[in-house]
Each structure stands twice: as C-alpha cells, then as structure tokens.
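Participant:
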Amino acid sequence: MFSVVHINSIGTILIISTKLKDLSCYLFILLVTTYPIQMNKSLTLQNFKRYQFSKLPTVTKSSSMEDRTANIIAGASIINLIVLIIVSRIIFHLTEPFFLFLGASIAAIFAVIGFYFIRRHNNTRRRRMETIIASEGKELRIEYSFLRKVAGLPTKFRIKELEEATDNWKSLIGKGGSATVFKGILNDGTAVAVKRIQHGEERGEKEFRSEIAAIASVQHVNLVRLIGYCVQSNNLHFLVYDFISNGCLSNWIFAPPPSAVICGGPGGCLSWKQRLSVAVDVAKALAYLHHDCRSKVLHLDVKPENILLDGHYNAIVSDFGISKLMKRDDSRIVTSMRGTRGYIAPEWLLGIGISEKSDVFSYGIVLLELIGGRRSVKAIDVDGDGNKIKRRYEYFPKIVTEKLREGKLMEVVDQRLLDLDPDEIDETEVKKLVHVALWCIQHTSRRRPSMVEVVKWLEGRAAVEEPPETKMMVVDLLSIAKAAEQGEDGGWQNRNKRKKPGVVARVASHLNGCLPIGPNSPSTSGSKSYTYSMSVLSPR
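In the working numbering, the protein residues as written are 1 to 540.
1. With a Cβ-Cβ cutoff of 9 Å, do Val475 and Trp439 count as a contact?
2. Suppose contacts are defined by Cβ-Cβ distances below 9 Å. Is Ser271 in contact with Leu420 by that definition?
3. Select from Gly311, His299, Ile91, Tyr313 the residue whose C-alpha is nearest the C-alpha of Asp319.
4. With burial defined as no fewer than 16 other Cβ atoms inside 10 Å of the residue's Cβ, what is the status of Asn306: buried or exposed?
5. Per DSSP, which one or two residues make a beta bridge with Glu394?
6. Quick check on the DSSP output: the beta strand (DSSP E) that includes Cys230 runs from which residue to which?
7. Check whether the Cβ atoms of Leu477 and Leu458 lie closer than 9 Å to each other.
8. How big is the Cα-Cα spacing for Leu162 and Asp188?
9. Report the CB separation of Ala285 from Val240 in whole angstroms; it is logged as a contact under 8 Å.
10. Let me check understanding here. Comparing Cα to Cα, which of Val218, Tyr395, Ile106, Glu130 lies closest to Cys293?
11. How big is the Cα-Cα spacing for Glu411 and Lys378?
12. Pick helix, strand or coil for Leu249, following the three-state DSSP scheme.
13. Put Asp242 into one of helix, strand or coil per three-state DSSP.
14. Tell me the rounded alpha-carbon separation between Ala541 and Ile79.
15. Report the rounded CA-to-CA distance for Val87 versus Arg125, giving the unit in angstroms.
16. So, Ala315 versus Leu409, is the Cβ gap smaller than 9 Å?
17. Whose C-beta lies closer than 6 Å to the C-beta of Ile212 among residues of the same chain, with five residues either side of it excluded?
18. Apply the 10 Å Cβ neighbour rule to Gly247 and answer buried if 16 or more other Cβ atoms are within range, or exposed otherwise.
19. Determine, using beta carbons only, whether Ile244 and Leu309 come nearer to each other than 9 Å.
20. Using beta-carbon positions only, say whether Gly351 and Ile365 come within less than 9 Å of one another.
21. Between Thr166 and the ligand GTP, is the CB less than 8 Å from at least one heavy atom?
22. Select from His443, Arg196, Asp414, Val455 the residue whose C-alpha is nearest the C-alpha of Thr470.
23. For Phe101, count neighbouring Cβ atoms within 10 angstroms of its own Cβ and tell me buried if that reaches 16, exposed if not.
24. Taking the alpha helix (DSSP H) that Phe182 belongs to, which residues open and close that run?
25. Going by the CB atoms, is the gap between Phe396 and Arg375 shorter than 9 Å?
26. With Leu172 as the anchor, note down where its beta strand (DSSP E) starts and where it stops.
27. Once the 5 residues before and after Ile113 are set aside, which same chain residues still bring their CB inside 7 Å of it?
28. Would you kindly check if the distance between the Cβ of Glu356 and the Cβ of His290 is under 9 Å?
29. If you draw a straight line from the C-alpha of Ser445 to the C-alpha of Met472, how long is it?
30. For the candidate residues Glu424, Met451, Gly373, whose alpha-carbon lies nearest to that of Gln415?
31. Cutting at 6 Å between CB atoms, please list the residues of its own chain near Ile197, excluding the five before and the five after it.
32. Rounding to the nearest angstrom, what Cα-Cα distance links Trp169 and Asp423 in this structure?
33. Determine the direct distance from the alpha carbon of Gly311 to that of Val278, and round the result to whole angstroms.
34. Specify the secondary structure class of Gln198 as computed by DSSP and reduced to three states.
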C-alpha cells in the first residue's frame, strides 16, 4: 500500500508506506520551496499511519505558473521514488534502516534540485523585470528629452561636450567686447553657436540659471532659440544657441573696410525689399519682448551685430535677456552703462534711468543704418593746413534730418541700392521709414513710440506723422571732439559746469568709445561694447 498526503499546492508533504511480508517502512519526504507551508494540523511520526490513501492525489489546477511547476515536480519525484524503493527491495533485499537513510538522502537531493529550479526561475524573472524597467527608463529619458525640446528648456552642458562640439574652439565666427562665438556641432548633428562669455564680476550659478530659465521661456519666431548653457567656476559662462546660417546683419548692409574683421557668416548687400522685411521682423521681436512676455525683457544692446539672418533672410534678434531681474512696477532703472557705443540712449548717458524706450532709441539708429547702408557715426580725414590732416565727423541722423527738411531724402538711401535697381525703391516708403526712425530717436524718452506702435506704422496699419526736430546729444559730443583736436573746449565746460561729475564722466566715456580712430579701423563702426549683450528682465 502506498500513501501520499498532498497538503498544499505550494508546499508538499509526501508520506509513503510500503508493506512487503513482515517489513513495513515509512518514509517522510519534505519538498521545500520559497513559499511557506501552511498546515491545519501537525504531523508527527506517530500519526503517519492515519494518512493512508489508496491512490495518489489529483494535482490541483492553479492559475499561476509557479503552482503548476511545483505540482509537476512533486508528482515526478513521487513516482521515481516509489519505483526505486520497489526495485531496490525486491532485488537487493535491503533492510529498513537503509530505506530510512535512502529516503532522507533522496528528500535532500530533491529539495536541493527544487531550490535550484525555483531560484533559477526567480533569477530569470528578476532579469526580465530589470530589462523591462531599463527599457521603460530609457523610454522615459527619451520622452523627457523630447518634452524638454518641446518646452524649450535649456540643457546644462559639460565643458567637455562643448569642447568636442567646437573641435576645441577652432571655428571662430564672432568676437565682442567680452565674448567670443564659435560654431559647433552637437552629438545629434545640430549646428549651434557657442558663446563664451568672460564676466568681470562674480556671478553665482543659481542667479545665472534663473535668468537662463527666464530667457528660455521666451519663444518667438524672430528671437534666437537658446539651446543650453554651461557654467565654469572661473566666472566663465557659455551660452549655446541655434546656428543662424547667414550671419549678422552688419555683413549685409555695410560695405566692410578692407582691414576690418566682420562677424562670421557670408555677406553681401540686401535688397530694399529685404531691408523692409528685416525692419518689421526686428520691430516685432522687440515688441514681443517689451509687451507680450510674461516677464518684460529689455534688450539694451540692439545693433546690427545682434541681428542675425537665417537662410531666407528673416531677421533673428539675438543676445537678449542676460542681466538681472527688476521689479515690474519700476518704470525705469538706473544701472551701469551697458550696450554698444553709438546705440546708447541719451538717458543712459545722463544717468536718469532706462526703460524699454532705450531699446526704441537703439532700434531707430539701426533703422537709419538700414536705409543708408552706413554707420551712424563716420570719421573722414581731410587735408588741413600744410601737411596736417584734420578729421571731420558725420552723424548720419543729423544728415537725414537736414535732407528731410530739404526734400532730398533719396540722397540718404544706400547708393548701392540705387545703382542696382533705382525703380525698386519707392520714395514714399523711404519717407515713412525715416519718419519712424526719427520718432524713435527723440531725445526725450516719453516722446518715443512703443515698439507696438512702430510695428503698426511699418505694416501700414496706422499713419505716421512727421516727427518734430529733436536735440541730438551725439552732435554735441562731435563738436567737443573737434574742439579738443583744435586745442579748444568749444565752451562745453561752461555750458556743462552745472552738470553732476558723474554725468560728465559718462559723456566723456561715451565720447572716447564712440568716436572712431581712423576711417579703416574696425572701431569706426562704433560697435565696441562696454559689456557684451547685457539685458534686463523685469517681472510683470
């Protein structure tokens, strides 16, 4: 008689009883799994005989793979053990102690085998779960990277990544007062412009990152996209922008002197239609920064070098928003002189505070340069007495004002455009652009229009009136320079003896930087900056 008790679908207790002639043998085998065995009653060696059945138990079906595997192993073990006992008893006439020892040994062997298979199953399952988790993690990283691009969040690059992208800073495409721009290729093939900025004052990474986040939230078709940044401990910061293929506007409206070094990219001469389009694009970008952002942004360095042209000659304004936060309620802020000499508004020189109208002034200067294809300040060397060469300075806005009064506006248009196709240029359009520009450069900031009004004027949605004549501080500065060269003061000290010393110092500083050294010098452009591309963010 063979008897088996199946206690649990997970843990199994086998009781085998055999009785041949006068010898009876009870064998207890316990197959241990990783799951606990739950029993409703305790089993002892004294009550084994009570659990005798005439047949093997039917394997209970289980919904889990583990239960089915355990039942199959248990059934196979029982059958093999029964066959082994019968054969050994009949052939070798073995005694009862031997069977007890054999049963215990076989039970241990099967326990080890069962433990091995269960552990292997668990390891396989764990590896499968790790693979799934790793795959899900990779998908999450890809999705997060995609969401960062969609949201426009900047990436923090390591300096090694930027060095590899720029081939160790070999491809120089631009240089400013405190920054250098290099072309690079990221690992994903994206062409970028990496700007390396050396700050003169200590600047914390937390403050810099907060400003970067604010800039990255500014999204406009005519504003360059900030891809990422990098901060070094030696006060060296890096900004990573989209690479704009056609370079800066100055390459396309000014005839560069032979010895001048222009910013990177191709160059040429924009048509009149293209210049009108650039004027509208830049005006829209500034209007967005001033009025449509969650945080009002003052550019503070509007100039042709900071206006880029893409492959279709659309204008892209760059270098905005890297400065400090200011309260939205402040209509003006007084700060150290920033921006580029020749484009700085009078209120900055006078130290009376700046606002978005300071950008309007700079835009007016750029608009006049678009029309005339020349810098606002130009130095001309003329023959003097004997062998002495005298220098004469021309201020283009003053010339435009005089030509407007005389009715000879076509004389201020870029001569290259007139030579190329004079019929393309409409004098009415020239007059409208001149009126807009002269409104923008009014000496008093409150008389200047907003950039929203400028856009309406340029697009023809509102009529623009003829602006009043205005004071031009640069004309006074030029007269001072002329008097200084002649050993005179031109009466300037007497006229300005009541001004504060700080104002005089700022005007003198602007004079020293704005006036060019020579007709072919790169500084003739008046594009040297006090600081590079600094702007102001003001929360609404």
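Where is the CB? At the ideal position from N, CA and C, for every residue including glycine. Note that the structure is predicted; figures quoted are calculated from it, not measured.
Facilitator: Concretely, from the data shown:
1. No, Cβ-Cβ distance for Val475 and Trp439 is not below 9 Å.
2. Cβ atoms of Ser271 and Leu420: closer than 9 Å.
3. The residue with the shortest Cα to Cα distance from Asp319 is His299.
4. With 16 or more Cβ atoms within 10 Å of its Cβ, Asn306 is classed as buried.
5. Within the DSSP secondary-structure output, Glu394 pairs in a beta bridge with Lys378.
6. 226–231 is the extent of the beta strand (DSSP E) around Cys230.
7. The answer is no: Cβ separation not under 9 Å.
8. Cα to Cα, the separation comes out at about 13 Å.
9. The distance from the Cβ of Ala285 to that of Val240 is about 20 Å, inconsistent with a contact at the 8 Å cut-off.
10. Ranking the options by Cα distance to Cys293, first place goes to Val218.
11. About 17 Å.
12. Residue state for Leu249 is assigned as coil, using DSSP reduced to three classes.
13. Asp242: strand per DSSP, three-state reduction.
14. What the structure shows of the chain is the stretch from 1 to 540, and residue 541 is not part of that stretch, so it cannot be assessed.
15. Straight-line Cα distance between these residues: approximately 39 Å.
16. No, the Cβ-Cβ distance between Ala315 and Leu409 is not below 9 Å.
17. Cβ-Cβ distances below 6 Å link Ile212 to Pro154, Tyr229 in the same chain, with the five nearest sequence neighbours on each side left out; the list follows chain order.
18. By the 10 Å Cβ count, Gly247 comes out buried.
19. The answer is yes: Cβ separation under 9 Å.
20. Against a cut-off of 9 Å, the Cβ pair of Ile365 and Gly351 comes out as no contact.
21. Although the ligand GTP was asked about, the structure shown includes no ligands whatsoever.
22. Residue His443 is the option with its Cα nearest to Thr470.
23. Phe101 counts as exposed, since fewer than 16 other C-beta atoms from the protein chains shown sit within 10 angstroms of its C-beta.
24. Secondary structure note for Phe182: it is in no alpha helix (DSSP H), and the uninterrupted beta strand (DSSP E) holding it is 179–185.
25. Against a cut-off of 9 Å, the Cβ pair of Phe396 and Arg375 comes out as a contact.
26. First-last of the beta strand (DSSP E) with Leu172: 172–175.
27. No residues qualify anywhere along the chain.
28. In this structure, Glu356 lies closer than 9 Å to His290 by Cβ.
29. A straight line joining the alpha-carbon of Ser445 with that of Met472 spans about 13 Å.
30. The shortest Cα separation from Gln415 among Glu424, Met451, Gly373 belongs to Gly373.
31. Here the set comprises Ala179, His237.
32. Cα to Cα, the separation comes out at about 46 Å.
33. Straight-line Cα distance between these residues: approximately 13 Å.
34. Of the three classes helix, strand and coil, the one that applies to Gln198 here is strand, per DSSP.
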